[in-house]
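> Here you go, one structure.
Protein chains in written order, with this note's numbering: chain A, 2 to 303; chain B, 976 to 1089.
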């Protein structure tokens, strides 16, 4: 299905995320809705939670478990439960002992059927992904995965396992070949949702906010009428539209990071905890058959 | 304030390096040489240190974020250091050692041993 400009703008208005970036196609923060109304005609919703960083302790959040629980409460307060939840990585902070278990226990309290994960660099840097992959092997033991839900094809990619000095995220040849095969048989009208940790567009490569071989991956997806890319890593909402592909980075539930290139480093924003609280949150995504792109609503805490 | 602290640690490093150079010709039994590298605002400072063989380099993480000291060539590897964590490694062989932070790989630096 090809979405024309009029339909696209209607969808954007209905999603409540504003017309500005839809028209410009630039990089702008979305207008977020603390208490979004339910999208009319919704076939199903799913949720995205990201960068829980369990084990982090410091300014501006001394208790990321509490803010994760608050985020979960926010999801559980929605009128309809999400079909499933996608966690886009940095589950733990630097693989702190016990952190995976804390997250697993808390994710059980989400009113949903299932949770899918993509790893962040914090989840794999210490042991090359051994613990992560033993918990979340994906489709073939390598962490990446795909599944279909009510006509939508979901792809989870791993772009943090090949970090090298000076490097940025990367998918690698084997995963790219898998992706090419994975989507080859799908009709171009199938809506595709890709989720991963590091952005698949070059948000700010100097801070590692990019994926080296993202262009190859997006090349396999370009023929589809609706592609939605969801990621974490940079702890803030940014959006970009490129043809039929919309990119959405997500907030963290633990701590906010600076806007790309603003300040000396990508470290946690050193601001009062109460100010940081309003920069944390979760995301709900609604799918309406025949409508594209998907409606993305970011809900902030506080 | 921060700039002053940084330049002080620079001076410390330079003074220590001078001591290392002077001690190179000393007989065995001289105090082992030591050099400090600070990790501040997601950067190793100084970015390059030149030391004599036998020198112990100690990294201080002054950031609240965790960082690692990971050798590109696989010679040394710290765990994630939380501020104010420390990690030390003694360089016995001459050569150029590249390292980075495995969590933030845009952070790169070198130790030159000669």
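C-beta: ideal position from N, C-alpha, C; glycine also.
Find the residues of chain B that neighbour residue 122 of chain A, judging by a C-beta separation of less than 9 Å, and give them in chain order.
Per Cβ cutoff of 9 Å: 1077, 1078, 1079, 1080.
> From the DSSP output, in three-state form, read off residue 111 of chain A for me.
Looking at residue 111 of chain A - three-state DSSP - the assignment turns out to be coil, as it is neither helix nor strand.
> What residues in its chain sit with their C-beta under 7 Å from that of residue 82 of chain A, if we drop five residues either side in the sequence?
Excluding residues within five positions, the ones whose Cβ falls inside 7 Å are 112, 113.
> Buried or exposed: residue 1087 of chain B, going by 16 or more other Cβ atoms within 10 Å of its Cβ?
Classification for residue 1087 of chain B: exposed.
> Buried or exposed: where does residue 248 of chain A fall if 16 or more other Cβ atoms within 10 Å of its Cβ makes it buried?
Counting Cβ neighbours within 10 Å, residue 248 of chain A comes out buried, since at least 16 surround it.
> Could you give the distance in angstroms between the alpha-carbon of residue 54 of chain A and the alpha-carbon of residue 99 of chain A?
Spanning the two alpha carbons is a distance of roughly 12 Å.
> Starting from the N-terminal side, write out each stretch of the alpha helix (DSSP H) that is 4 residues or longer and does not extend beyond the segment 194–230 of chain A.
If we require 4 residues or more, the alpha helix (DSSP H) runs fully inside the segment 194–230 of chain A come out as 215–222.
> Does residue 1041 of chain B get closer than 8 Å to chain A when you measure Cβ to Cβ?
Residue 1041 of chain B counts as touching chain A.
> I'd like the span of the alpha helix (DSSP H) that includes residue 276 of chain A, first residue to last.
Note, residue 276 of chain A: alpha helix (DSSP H), 274–278.
> Residues in its own chain within less than 6 Å of residue 108 of chain A by CB, not counting five upstream and five downstream?
Excluding positions up to five away in sequence, the list reads 116.
> Just list the residues that DSSP pairs residue 133 of chain A with in beta bridges.
Note: residue 133 of chain A sits in no beta bridge, so no partner.
> Check for me: the beta strand (DSSP E) holding residue 1013 of chain B runs from which residue to which?
Note, residue 1013 of chain B: beta strand (DSSP E), 1009–1015.
> Under the three-state reduction of DSSP, which class applies to residue 294 of chain A: helix, strand or coil?
Three-state result, residue 294 of chain A: coil.
> Tell whether a beta-carbon distance below 8 Å holds between residue 1080 of chain B and residue 167 of chain A.
Yes, these two residues count as a Cβ contact at 8 Å.
> For the alpha helix (DSSP H) that residue 178 of chain A lies in, which residues bound it at each end?
Segment 174–185, the alpha helix (DSSP H) holding residue 178 of chain A.
> To the nearest angstrom, report how far apart residue 1 of chain A and residue 172 of chain A are at their CA atoms.
In the structure displayed, chain A extends from 2 to 303; residue 1 of chain A sits before or after that span and is not available.
> What number of angstroms, rounded off, separates the C-alpha of residue 60 of chain A from the C-alpha of residue 273 of chain A?
So the two alpha carbons sit approximately 8 Å from each other.
> Closer than 8 Å by beta-carbon distance: list the chain A residues that pair up with residue 1047 of chain B, in chain order.
Under the 8 Å cutoff, chain A gives 165, 166.
> Using a cut-off of 7 Å between C-beta atoms, extract the partners of residue 162 of chain A located in chain B.
Per Cβ cutoff of 7 Å: no residues; residue 162 of chain A is ~12 Å from chain B at best.
> Using the beta-carbon of each residue, which ones in chain A are nearer than 8 Å to residue 1054 of chain B?
Chain A residues near residue 1054 of chain B: 127.
> Any beta carbon of chain A sitting closer than 8 Å to that of residue 1035 of chain B?
Output row for residue 1035 of chain B: interface = no.
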